[in-house]
Amino acid sequence: MHHPSAEDRRTPTVNDSSAPHDSGSDIGQAGSIGDLESVEAEPAVASALFGHQIELARRYTSNLVTRGEELGLIGPLELPRIWTRHILNSVLVAPLLRPGLVGDVGSGAGLPGLVLAIARPDVEFVLIEPMERRVDWLRDQAAELDLENVTVVRARAEEVRLDRPLGQVTARAVTALSKLIPMTAPLLIHEGEMVFLKGARVADEVTAAARQIKKAHLRDVEIIELGAGVLPEITRVFRATVD
Numbered sequence: 619m620h621h622p623s624a625e626d627r628r629t630p631t632v633n634d635s636s637a638p639h640d641s642g643s644d645i646g647q648a649g650s651i652g653d654l655e656s657v658e659a660e661p662a663v664a665s666a667l668f669g670h671q672i673e674l675a676r677r678y679t680s681n682l683v684t685r686g687e688e689l690g691l692i693g694p695l696e697l698p699r700i701w702t703r704h705i706l707n708s709v710l711v712a713p714l715l716r717p718g719l720v721g722d723v724g725s726g727a728g729l730p731g732l733v734l735a736i737a738r739p740d741v742e743f744v745l746i747e748p749m750e751r752r753v754d755w756l757r758d759q760a761a762e763l764d765l766e767n768v769t770v771v772r773a774r775a776e777e778v779r780l781d782r783p784l785g786q787v788t789a790r791a792v793t794a795l796s797k798l799i800p801m802t803a804p805l806l807i808h809e810g811e812m813v814f815l816k817g818a819r820v821a822d823e824v825t826a827a828a829r830q831i832k833k834a835h836l837r838d839v840e841i842i843e844l845g846a847g848v849l850p851e852i853t854r855v856f857r858a859t860v861d
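Just so we're aligned, residue 619 is where the sequence shown starts under this note's numbering, counting upward by one.
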């Protein structure tokens, strides 16, 4: 299998993205390890969403709950909603992906990049993350989970150099669309897609990014709502195609 540029393979991180805030960073406020009794139990729907990959999803989630908090990748306040707000919120995007090369910008703790790589072993992923601490975590997790479809690159999205362009690019809790669109458009092939998990104010972001949408020659711009009746909160996705 052909992989994108340098920096070792395999890596994951946790960003806060059921999509409320857009600040490409660690989830919640990091602190001392919380009471594991407060960790959200796996919802019954998880098995249906991950299918035969559910065991890998469980291992990753367990690692995130224990080591992720120790490493400051996720705060204790996120533990009671780790599955619904983070893991399942991310995996809902999996059906929107197509075979080929998908880049995840600002992968952080591995949300959504690692979660999607677990759910879609038929898709090749390159996780793009600038911070060394997060990169180390992502690589360790990808190696431990034996995710051969994952490559980790340490770089800022604006500066990354890939061996080949992306068919799709994902992001979660990174920044506003007005910044995210010009940051990621150059990474995509013609007809490539942006698939960004966003918050409740995504419609306002689309309006504010009108100039960037036009400049990037985006078409088929839409806001998709996923998970209604499945999760407590709707997952909102901004999707657009580079013309």
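Where is the CB? At the ideal position from N, CA and C, for every residue including glycine.
In three-state DSSP terms, what is E843? The three-state secondary structure of E843, taken from DSSP, is strand.
For this session: For T793, name the three-state secondary structure that DSSP assigns.
Result: Coil.
| From P661, F743 and R772, pick the residue whose C-alpha is nearest to that of L715; which is it? | Across the set P661, F743 and R772, the C-alpha of F743 shows the shortest separation from the C-alpha of L715.
Beta-carbon proximity list for P698, same chain, < 6 Å, skipping 5 on both sides: Closer than 6 Å at Cβ, skipping near neighbours: S656 and E658.
Nearest residue (CA-CA) to I831, options L815, G721, M801 and I746
Of L815, G721, M801 and I746, the residue nearest in Cα terms is M801.
Do you know whose CA, among V733, E823 and L798, lies nearest M678's CA? Residue identity differs from the one stated: residue 678 is Tyr in this sequence, not Met. Comparing Cα-Cα distances from Y678 to each of V733, E823 and L798, the minimum goes to V733.
Opposing strand residues paired with D864 [DSSP bridges]:
Given a span of 619 to 861 for the chain in the structure shown, any question on residue 864 remains unanswerable.
Do E776 and the ligand MG come close, with the Cβ less than 7 Å from some heavy atom? Within the structure as shown, the ligand MG is missing, as the structure has no ligands at all.
Rounding to the nearest angstrom, what Cα-Cα distance links T793 and V723 in this structure?
One C-alpha to the other measures close to 10 Å.
* **Among I705, A818 and R751, nearest to L689 - alpha-carbon criterion** => Taking only the C-alpha atoms, the option nearest L689 is R751.
Could you give the C-beta distance for A735 and L706, rounded to a whole number, given that I count them as a contact under 8 Å?
With a Cβ gap of about 16 Å, A735 and L706 do not count as contacting.
Checklist entry - Could you give the distance in angstroms between the alpha-carbon of H808 and the alpha-carbon of G718? => result Rounded to whole angstroms, H808 to G718 spans 14 Å at the Cα level.
Applying the criterion that 16 or more other CB atoms from any shown protein chain within 10 Å of the CB defines a buried residue, is T853 buried or exposed? By the neighbour-count criterion, in which 16 or more other beta carbons inside 10 Å mark a residue as buried, T853 falls on the buried side.
Should G785 go down as buried or exposed, given a rule of 16 or more other Cβ atoms within 10 Å for buried?
The residue is buried, with at least 16 neighbouring Cβ atoms inside 10 Å.
**Report entry** Neighbourhood of P739 by C-beta, 6 Å cutoff - its chain only, sequence neighbours within 5 removed
**Finding:** Once the five neighbours on either side are set aside, the close Cβ partners of P739 are N767.
Subject >> Length of the line joining the Cα atoms of R857 and D838 >> reply: Counting only the Cα atoms, D838 lies some 8 Å from R857.
Suppose only complete runs of 3+ residues qualify. What are the beta strand (DSSP E) ranges in the segment 752 to 787, listed by chain order? Within the segment 752 to 787, the beta strand (DSSP E) runs of at least 3 residues that lie entirely inside it are, in chain order, 768 to 772.
Item checked: Contact set for H835: own chain, Cβ-Cβ below 7 Å, skip 5 residues either direction -> Same-chain partners within the cutoff: V860 and D861.
Self-check item: Straight-line Cα distance separating V709 from F668
Solution: Going by C-alpha positions, F668 is about 8 Å away from V709.
Give the C-beta separation of V787 and L806 to the nearest angstrom, bearing in mind that I take them to be a contact with Cβ-Cβ under 8 Å.
-> Taking a contact as a CB-CB distance under 8 Å, the pair V787 and L806 counts as one, their CB atoms being some 6 Å apart.
| query | Relative to the alpha-carbon of D822, which residue among E840, A775 and K833 has its alpha-carbon at the smallest distance? | reply | Of the listed residues, the one whose Cα sits closest to D822 is E840.
Just to confirm before moving on: does the CB-CB distance between I692 and A662 stay below 8 Å? At a Cβ-Cβ threshold of 8 Å, I692 and A662 do not count as neighbours.
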